[in-house]
Structures are given as C-alpha cells and as structure tokens.
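Counting in my numbering, the sequence shown runs from 6 upward without gaps. Input: a single structure, listed below in structure tokens.
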Amino acid sequence: MYIKKKDFKDRIINSLNNKRYFELSKHFKRFTSYIYPNIKDDDLIICNKKKGSKIDFQIEVNQVRKNVSVKNGDIIYVYKDRIMNLVLFLLSINVSKECIMAILYYHYGDGTLDGSGSYINSFSGLLCEDYKKEIEIVNNEFKNKELLGKVIDYLLINEKSGKMVDYFYYGDERSASYATSSIVRENIINEDNNYPHKFMRIGVMNFHPLKRSYCFLDSNLSYKHICVLKLNLGKYIKK
Numbered sequence: 006m007y008i009k010k011k012d013f014k015d016r017i018i019n020s021l022n023n024k025r026y027f028e029l030s031k032h033f034k035r036f037t038s039y040i041y042p043n044i045k046d047d048d049l050i051i052c053n054k055k056k057g058s059k060i061d062f063q064i065e066v067n068q069v070r071k072n073v074s075v076k077n078g079d080i081i082y083v084y085k086d087r088i089m090n091l092v093l094f095l096l097s098i099n100v101s102k103e104c105i106m107a108i109l110y111y112h113y114g115d116g117t118l119d120g121s122g123s124y125i126n127s128f129s130g131l132l133c134e135d136y137k138k139e140i141e142i143v144n145n146e147f148k149n150k151e152l153l154g155k156v157i158d159y160l161l162i163n164e165k166s167g168k169m170v171d172y173f174y175y176g177d178e179r180s181a182s183y184a185t186s187s188i189v190r191e192n193i194i195n196e197d198n199n200y201p202h203k204f205m206r207i208g209v210m211n212f213h214p215l216k217r218s219y220c221f222l223d224s225n226l227s228y229k230h231i232c233v234l235k236l237n238l239g240k241y242i243k244k
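So, in structure tokens, the structure goes:
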C-alpha cells in the first residue's frame, strides 16, 4: 500500500514524542542514543514537527535540541524550482559563467539560454552527445570540493531561517539508517563518482529539466523553466 509522506513522518514523530527512553522500541533506542549518548532510561523525549523545507522534526532531551531531516525512497528530489533561482545561487558562490551557461544550454535544449528557441534541438539519449562539452564543463567545475560543499549546504542542510539539519534519518518508524549532517556532507563530497554516467550532474546529483515540450515551443509554458536535482541520498547516510 502506498504510504503518504506525511503519514510516515507523523508515525516517526509519534513514536518519539512524550516518551521516556525506556518506553522506546529497540530501533528508536538506538537512534536516540546515537544523538544523545548519555541519555538515561527516565529521560523524557520531546519531538515536534517543523515546517522547514529541510528540517522535518526537532527532537529534545534535557533541553538539548537537534534538527532532523527525514528521507525515504531510492531517489529523492533535492531541488525542484525555477532554473534562474538555482543560477542566482550558483552565481552567489562564484560558479563560473562558463559553467552557468553550460547548465542553461543543457536545461533548455533549444540552443538558447532562456528557452526562447522555436524548437528543441536535443532530447533523450541525444543530450549526452549534443551537450558533451557542457556536461564536461559542469562536471569539472564541481570537482572543486569547497564549491560542491556550498551547493550541498544550500540543497540539503541550511534553512533560510538560519537553522541547520543536524541529522539525516533515512527510513520509516520500523528501521532506518542515520548519521550526522556533517558525515553525510563529507560522504557526498568525497564520492569517487567513477561509475558511468553520460548526462549532466552537479557532483553526484542528476540534473535535468522537469519537463520538455518537444515541439511547438511556447515561451509561456511555466514548466519549461523548472529544473530538478535528484540524489540517491540513502547511499551516503553512513555512520
């Protein structure tokens, strides 16, 4: 049966909130003691839902609060927004204009930087050949680990409010893997990424437009300006 994302996150929160440590399941005892190594049987756990774009809930023991991001599924969206919002961020961290142009050319696939072309020049399997140069430019740009780290912080860890994800939890209320955000960040940055992949990536994150209209292009189609970044996050949640 399909489980709504909201429902499985609520079940995790309900399994923790207003519970004493000794009342938790073995799974949640392991998770909670990972966050709070000195937790005692009678310590009360408070767990509240948060409405951030990255933080799902905040857990508190003895007035010490930690922010947790919950993920589930093989491939997740780490970004889904207008391409120009991503470009503005990349410019703010000094990504090269050559790299920005490569991303835009690949995104629109119509030979323009803004989607104003009259038809798509390339799509599907042709992209990896027609935009081989652009793919290589972007790949080389984000071999810079400091630059890639700033992208990961923006996409996965930092909220606009200034709060940060402290821990990633990957699974459901029965079983999960989990690790600190700093460990996950380092695992992603230091991925060798030497397995074959011909399409565009930012680090190990797959980049592509949300949807392409292959003929009779209309500049008013809003979805053509939306891009997505996808990641197999569970692979990098290792203690």
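Quick reminder that beta carbons are idealized off the backbone N, C-alpha and C, glycines included. This structure is a prediction, so every number in the text was calculated from the model and none was measured.
- Buried or exposed (CB count within 10 angstroms, at least 16 for buried), Ile88: buried
- Query: Quick one: Cα of Ile40 to Cα of Tyr110, how far?
  - Reply: 44 Å
- Query: Which stretch, first to last residue, makes up the alpha helix (DSSP H) that contains Tyr113?
  - Reply: Lys102 to Tyr113
- Could you give the C-beta distance for Ile98 and Lys155, rounded to a whole number, given that I count them as a contact under 8 Å? 5 Å
- Query: By Cβ distance below 8 Å, which residues in the same chain neighbour Arg16 in space, the five residues on each side in sequence not counted?
  - Reply: Asp177 and Glu178
- Distance between beta carbons of Leu238 and Tyr175, contact taken as under 8 Å: 7 Å
- Alpha carbon to alpha carbon, what distance is there between Glu139 and Gln63? 41 Å
- Query: What three-state label does DSSP hand Lys137 in the structure shown?
  - Reply: helix
- Query: Under a three-way DSSP split, which group does Cys232 fall into?
  - Reply: strand
- Task: Quickly, what does DSSP pair Asn53 with across the bridge? List them, please.
- Result: Gln63
- Message: Between Gly116, Ala181 and Ile44, which has its C-alpha nearest Asn67's C-alpha?
- Response: Ile44
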